[in-house]
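Take the position in the sequence shown, starting the count at 1, then add 147; the result is the number in the numbering used here.
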Amino acid sequence: MFYSIKFNFVELAVGSREIQDIVGTLSTFVTIACGTLRAIRFFTRKKVIINLLNRLEAIRLKMLSDEESKRYVIDAENIGRKILTLIFISLNGFPIPALLWVTFCNFLHNFEEKLLIHKVWIPWDPDNVWKNILANMFQALMSVPCLAFFVGVHCVDISFTLYVSAYIKTLQNKLINKGIKNEEIYEQHNVIIQLIMDHNELLSGIKYLEAQTSPLMPCGFGYIFIRAINKNEITKAIDFYFRAMLGFLPPIISCCSGQFIITQKVGIRPINKVRLNEKFSRFALDIAVSTLNEA
């Protein structure tokens, strides 16, 4: 996609003033900027991220060893598996169908139009059948590293959200069943608060940027996708469907992840039914709510 934005900027510089070119260039720039910032953050803070994942895995193993908590972990993993499978199919299913479709379209036109999957620069001129097929194979392969990184990054987000949610549900039950004087509950609250704070310190700035720029990315790509469909420009529509998915999913996943944890506040309310001293009951509720607000 870096070559795509460079190519589009060159077109604009030499005189192209069509609205879809401007929108496509801006949307692609924002998508690449957000993805690049996230990649830089991950590679420069690799040890911190590994430590965060190890702590999350330790929490997971601890919950699996407890019969009361085990079902929450299993439910979280089932949900996560379905979400990640859907994302994987939506994105990683793109290169091969796109390659087959573009090759089929070129075949129908006797390879006169020399259609390509993406509007990007390639190191040779696709001026004959085999060079055109190789160019499209090259572009399809270019998508794979981008997709692998994208799915891997959001696998971390989704796993973190679901395991933290499962851990909070476990604490809710323990607060009700064991009461607030149980030392284990205070220790576990401290663990989850610190985990969420470290996660936010690492990624909250990038997620905020993605959320703020989210109206530009999918809307811009969606606009061009609809225009391409109306003009029967199928290859262009395929290209911008791919870009729209890359622009649409990050802010949606980030916002849904935060909201999913925050809504666990509702599940804390049953603690009020426990017959405890009013002062301690309010204190326990404040601790639990503050845990969620950190998300």
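Backbone N, C-alpha and C define an ideal beta-carbon position, used for all residues, glycine too. Here the structure is a predicted model, which is why all the values come from computation and not from measurement.
| Query | Result |
| --- | --- |
| Does the distance from the C-beta atom of residue 196 to that of residue 349 stay below 8 Å? | yes |
| What do you reckon, are the CB atoms on residue 249 and residue 283 nearer than 8 Å? | yes |
| Which full runs of the alpha helix (DSSP H) of 4+ residues lie inside the segment 186-265, going along the chain? | 193-211, 214-239, 242-255 |
| How many angstroms separate the CA atom of residue 287 from the CA atom of residue 243? | 7 Å |
| Check whether the segment 292-308 touches the segment 225-237, taking contact to mean three or more Cβ pairs, one atom from each stretch, closer than 8 Å. | yes |
| Is it buried or exposed, residue 210, if we count other Cβ atoms within 10 angstroms and call 16 or more buried? | buried |
| Is it right to say residue 314 is buried, meaning 16 or more other beta carbons lie within 10 angstroms of its own, or is it exposed? | buried |
| Cβ atoms of residue 203 and residue 296: under 8 Å apart, would you say? | no |
| Would residue 341 and residue 318 qualify as a contact pair, given that the criterion is a beta-carbon distance under 8 Å? | no |
| Name the residue from 333, 185, 246, 198 whose alpha carbon lies nearest to the alpha carbon of residue 289. | 246 |
| Helix, strand or coil for residue 320, going by three-state DSSP, please let me know. | helix |
| Give me the residue from 226, 339, 278, 285 with the minimum Cα distance to residue 305. | 226 |
| Ordered along the chain, which non-local residues of its own chain (more than five positions away) have a Cβ less than 7 Å from that of residue 373? | none |
| Is residue 292 helix, strand or coil when you go by DSSP? | helix |
| To the nearest angstrom, report how far apart residue 320 and residue 331 are at their CA atoms. | 13 Å |
| When the distance is taken between beta carbons, is residue 345 closer than 8 Å to residue 199? | yes |
| Which class does residue 272 belong to by DSSP, given the choice of helix, strand or coil? | coil |
| In the structure shown, what three-state DSSP assignment does residue 378 receive? | coil |
| Go ahead and label residue 207 buried or exposed: buried means 16 or more other beta carbons lie within 10 angstroms of its beta carbon, across all protein chains shown. | buried |
| Between residue 378 and residue 219, is the Cβ-Cβ spacing less than 8 Å? | no |
| Just how far apart, CA to CA, sit residue 293 and residue 323? | 46 Å |
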